[in-house]
Amino acid sequence: MKNQFELNCPIHGAQLKRAKCRCCNALYMSAYMRQRRRRDPVAALLERARERAARLGLPFNLHRRDVVVPPVCPVLGVPLATSSQRSSGSPSLDRIRPALGYVRGNVRVISDRANRLKGACTQERARERARSAPPPRRPDLEKIAAYIEREELLAEVRRKAAQGGRVGAEWEKVAIFLDKAFVAADWVRKDQKT
Numbered sequence: 000m001k002n003q004f005e006l007n008c009p010i011h012g013a014q015l016k017r018a019k020c021r022c023c024n025a026l027y028m029s030a031y032m033r034q035r036r037r038r039d040p041v042a043a044l045l046e047r048a049r050e051r052a053a054r055l056g057l058p059f060n061l062h063r064r065d066v067v068v069p070p071v072c073p074v075l076g077v078p079l080a081t082s083s084q085r086s087s088g089s090p091s092l093d094r095i096r097p098a099l100g101y102v103r104g105n106v107r108v109i110s111d112r113a114n115r116l117k118g119a120c121t122q123e124r125a126r127e128r129a130r131s132a133p134p135p136r137r138p139d140l141e142k143i144a145a146y147i148e149r150e151e152l153l154a155e156v157r158r159k160a161a162q163g164g165r166v167g168a169e170w171e172k173v174a175i176f177l178d179k180a181f182v183a184a185d186w187v188r189k190d191q192k193t
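Residue 193, in numbering that gives the first Met the number 0, is where the sequence shown stops; the numbers in between run on with no holes.
In C-alpha cells form, the structure reads like this:
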C-alpha cells in the first residue's frame with residue numbers, strides 16, 4: 000500500500016500492511032484523522048458525534064447543514080483552530096442538554112476547552128462552580144453559565160415557535176435571530192476589547 004503520510008511502522012517500516020498489522024493500521028488512521036480534522040472539520044465532528052451517540056445509546060439525526068463552525072468560540076471568545084492536532088481551541092460539538100443527544104437544535108460548536116469546562120452542568124451548577132472557583136478560572140466558568148442561560152432561552156423560544164400559527168411564526172423569527180447571534184458571538188468579542 001502506498002504510504003501517503005510517510006509513516007514508519009516499528010514492524011513493517013515504510014511499507015504499511017494495514018490489513019494484517021494493527022500497528023500499521025493505527026498509525027495510518029491517526030494520520031488520516033489528523034488530516035481530515037484540518038481539511039473538513041464539520042465531517043470530522045459529525046463522524047465522532049455519530050460514534051459517541053452509538054456508543055452511549057443517544058439519538059443522532061444531524062446533517063452537515065446543522066453544524067456551523069464559527070471563527071470564534073461563542074462561549075469563551077477564543078479563535079477556533081482547525082489544525083491537525085486537537086487543542087483547547089479546537090472545535091467541539093456540545094450537546095446543550097446532554098440527555099437529548101445529538102439532535103437538531105441541541106448542538107452548538109464551541110471550543111474544546113469550553114466543552115470540557117461545561118461538561119454536563121446545569122446553569123445553577125455552573126454558577127456555583129464559578130463562585131467557588133479560584134479567581135483565575137472564575138471568568139471562564141461565568142461565561143459557561145451565561146452560555147447555558149442563553150441556550151436555555153433559545154430552547155424556550157423554539158418551544159414557543161413550535162406552537163404554529165401566527166404567534167409561532169413570530170417566535171420562529173426570534174429563534175432564527177437568536178441562533179445567528181449566538182453563532183456570531185459578537186458580544187464576546189466586544190467584551191474582550193474593553
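Cβ atoms here follow ideal geometry from the backbone N, Cα and C, with glycine treated the same way.
Nearest-angstrom Cα separation, counted from residue j out to residue i
| i | j | result |
| --- | --- | --- |
| residue 86 | residue 77 | 12 Å |
| residue 133 | residue 119 | 20 Å |
| residue 183 | residue 58 | 27 Å |
| residue 164 | residue 63 | 29 Å |
| residue 161 | residue 66 | 21 Å |
| residue 124 | residue 55 | 23 Å |
| residue 12 | residue 91 | 34 Å |
| residue 131 | residue 46 | 36 Å |
| residue 116 | residue 75 | 11 Å |
| residue 114 | residue 50 | 18 Å |
| residue 0 | residue 30 | Any answer about residue 0 is weak, because its pLDDT of 48 lies below 50 and its placement is not dependable; what the coordinates show is given next. In a straight line, the C-alpha of residue 0 is about 15 Å away from that of residue 30. |
| residue 40 | residue 79 | 11 Å |
| residue 15 | residue 102 | 39 Å |
| residue 128 | residue 19 | 49 Å |
| residue 27 | residue 181 | 37 Å |
| residue 170 | residue 53 | 33 Å |
Same chain, Cβ closer than 7 Å to residue i, neighbours up to 5 away in sequence not counted
| i | result |
| --- | --- |
| residue 105 | 94, 95, 96, 99 |
| residue 122 | 144, 147, 148, 151 |
| residue 7 | 13 |
| residue 276 | Only positions 0 to 193 of the chain appear in the structure, and residue 276 is not among them; the question remains open. |
Spatially closest choice to residue i from the options, by CA coordinates
| i | options | result |
| --- | --- | --- |
| residue 44 | 55, 8, 81, 23 | 81 |
| residue 48 | 60, 38, 141 | 60 |
Own chain residues within Cβ distance below 6 Å of residue i, not counting five before or after
| i | result |
| --- | --- |
| residue 35 | 43 |
| residue 38 | none |
| residue 167 | 160 |
Same chain, Cβ closer than 8 Å to residue i, five either side skipped, listed in chain order
| i | result |
| --- | --- |
| residue 84 | 33 |
| residue 10 | 20, 22, 23 |
| residue 88 | 72, 77, 78, 79, 80, 110, 111, 112 |
Contact test: residue i Cβ vs the ligand MN heavy atom, cutoff 7 Å
| i | result |
| --- | --- |
| residue 123 | Absence of the ligand MN is noted for the structure shown, with no ligands found whatsoever. |
Q. With a cut-off of 8 Å, do at least 3 Cβ pairs link the stretch 64–72 to the stretch 104–124?
A. yes
Q. Between the stretch 137–145 and the stretch 84–98, do three or more beta carbon pairs fall short of 8 Å?
A. no
Q. Taking one C-beta from the stretch 146–160 and one from the stretch 170–180 each time, how about it: are there three or more such pairs within less than 8 Å?
A. yes
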